[in-house]
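Since the structure comes first, as structure tokens, the remarks are kept for the end.
Residue numbers (the working numbering), protein chains in the order written: chain R, 1 to 156; chain E, 1 to 156.
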């Protein structure tokens with residue numbers, strides 16, 4: 001129930017040619033407080049409800065609890081979410097032994113592309129593709145919960 | 001997914017002699033906002049996660065979505081909840097065709113006893129036992145989410 005991942009900005013769209021899978025994601029938040037984020041997600045036709053705790057001090061580890069829910073339930077719960085539902089397309093890209101999930105945001109977060117890689121432990125090494133930019137692991141502004149409240153396009 | 005219920009204060013403890021079942025409840029909130037309450041509950045050994053929307057204008061109907069979760073998951077999620085976890089004992093009391101759920105709160109809400117009856121539709125008649133006091137249906141102060149933040153003992 002602890003998730004370890006590193007997060008990076010993406011500096012070119014080359015990753016799209018390397019991606020074997022794309023899927024549309026719509027997600028909203030029943031709570032955007034980073035200490036107890038509650039996320040409702042529709043990924044294609046699959047619904048999930050996810051609760052996340054605050055990150056560890058280095059930003060790498062975070063408590064995560066997730067359950068599948070039906071598409072109908074996800075749609076009903078999305079109606080209850082705070083304003084600022086997020087729309088994005090997720091590209092999966094194999095890089096060496098890892099899979100990068102690259103999210104291209106649209107709507108009020110368009111212009112933002114973020115790549116995440118999930119690790120087995122905090123010191124695990126991984127190959128960095130050319131399109132990977134600055135690391136933003138642990139930077140609250142790039143939490144989807146915060147992007148929901150303070151979207152990328154509104155940043156100064 | 002719409003719940004219709006009426007809620008009353010309780011003016012004597014006679015209900016205890018009429019109750020055929022009592023169970024301990026511990027519950028916390030991942031969000032106390034009445035527009036999107038997220039509740040984690042341990043009722044005996046059974047865990048649930050419940051999302052509720054805002055009440056209808058007359059306070060009678062409320063969107064409710066609930067899933068069972070394991071005791072272990074409930075315990076983990078309770079750690080993430082806002083301050084003000086609620087402890088209470090629920091007494092079930094058969095009254096005519098209905099079952100009243102009577103919650104006797106402890107801790108910072110001790111002194112408060114609330115009875116609820118669930119109805120099939122908003123106009124449904126039901127028998128009122130002698131121990132039933134003032135109706136508080138739709139009064140936000142008596143939502144458990146609000147009692148978690150502003151406990152009964154702190155009221156002026």
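Every residue, glycine too, gets a C-beta built ideally from N, C-alpha and C. Just so we're clear, the structure is a prediction, and the values are computed from it rather than from any experiment.
Mind checking whether residue i and residue j have CB atoms under 8 angstroms apart?
| i | j | result |
| --- | --- | --- |
| residue 154 of chain E | residue 82 of chain E | no |
| residue 4 of chain E | residue 122 of chain E | yes |
| residue 80 of chain E | residue 59 of chain R | no |
| residue 35 of chain E | residue 50 of chain E | no |
| residue 61 of chain R | residue 55 of chain R | yes |
| residue 29 of chain R | residue 37 of chain R | yes |
| residue 136 of chain R | residue 9 of chain R | yes |
How would you label residue i, buried or exposed, when you count the other beta carbons within 10 angstroms and need 16 or more for buried?
| i | result |
| --- | --- |
| residue 145 of chain R | buried |
| residue 68 of chain R | exposed |
| residue 2 of chain E | exposed |
| residue 134 of chain E | exposed |
| residue 103 of chain E | buried |
| residue 40 of chain E | buried |
| residue 84 of chain E | buried |
| residue 14 of chain R | exposed |
What separation, rounded to the nearest whole angstrom, lies between the Cα atoms of residue i and residue j?
| i | j | result |
| --- | --- | --- |
| residue 138 of chain R | residue 7 of chain R | 8 angstroms |
| residue 100 of chain E | residue 21 of chain E | 11 angstroms |
| residue 113 of chain E | residue 152 of chain R | 48 angstroms |
| residue 116 of chain R | residue 141 of chain R | 15 angstroms |
| residue 23 of chain R | residue 48 of chain R | 15 angstroms |
| residue 132 of chain R | residue 90 of chain R | 15 angstroms |
| residue 86 of chain R | residue 75 of chain E | 30 angstroms |
| residue 118 of chain E | residue 118 of chain R | 45 angstroms |
| residue 124 of chain R | residue 110 of chain E | 51 angstroms |
| residue 27 of chain E | residue 66 of chain E | 14 angstroms |
| residue 143 of chain E | residue 156 of chain R | 40 angstroms |
| residue 11 of chain E | residue 120 of chain E | 26 angstroms |
| residue 77 of chain R | residue 19 of chain E | 35 angstroms |
| residue 57 of chain E | residue 57 of chain R | 44 angstroms |
| residue 44 of chain E | residue 44 of chain R | 37 angstroms |
Can you tell which of the options has the C-alpha that lies nearest to the C-alpha of residue i?
| i | options | result |
| --- | --- | --- |
| residue 127 of chain E | E:110, E:98, E:109 | E:98 |
| residue 105 of chain E | E:18, E:25, E:96, E:29 | E:25 |
| residue 150 of chain E | E:119, E:36, E:32 | E:32 |
| residue 95 of chain E | E:107, E:129, E:42 | E:129 |
| residue 108 of chain R | R:88, R:125, R:119 | R:88 |
| residue 73 of chain R | R:125, R:156, R:46 | R:46 |
Could you tell me whether the Cβ of residue i comes closer than 8 angstroms to any Cβ of chain B?
| i | result |
| --- | --- |
| residue 41 of chain R | Among the protein chains of the structure shown, namely R and E, there is no chain B. |
So does residue i have its beta carbon nearer than 7 angstroms to some heavy atom of the ligand GTP?
| i | result |
| --- | --- |
| residue 121 of chain R | For the structure depicted, the ligand GTP is absent and the ligand set is empty, with no information on it obtainable. |
- prompt: Closer than 9 angstroms, Cβ to any Cβ of chain R: which residues of the region 52–83 of chain E, in chain order?
  reply: 52, 53, 54, 63, 65, 67, 69, 73, 76, 77, 79, 80, 81, 82
- prompt: Between the region 3–24 of chain E and chain R, which residues of the former have CB atoms less than 7 angstroms from a CB of the latter, in chain order?
  reply: none
- prompt: What residues from the region 131–148 of chain R come within 8 angstroms of chain E, judged by C-beta to C-beta, listed N to C?
  reply: none
task: Note down, in chain order, all residues in the region 87–107 of chain R with a beta-carbon under 8 angstroms from any beta-carbon belonging to chain E.
output: none
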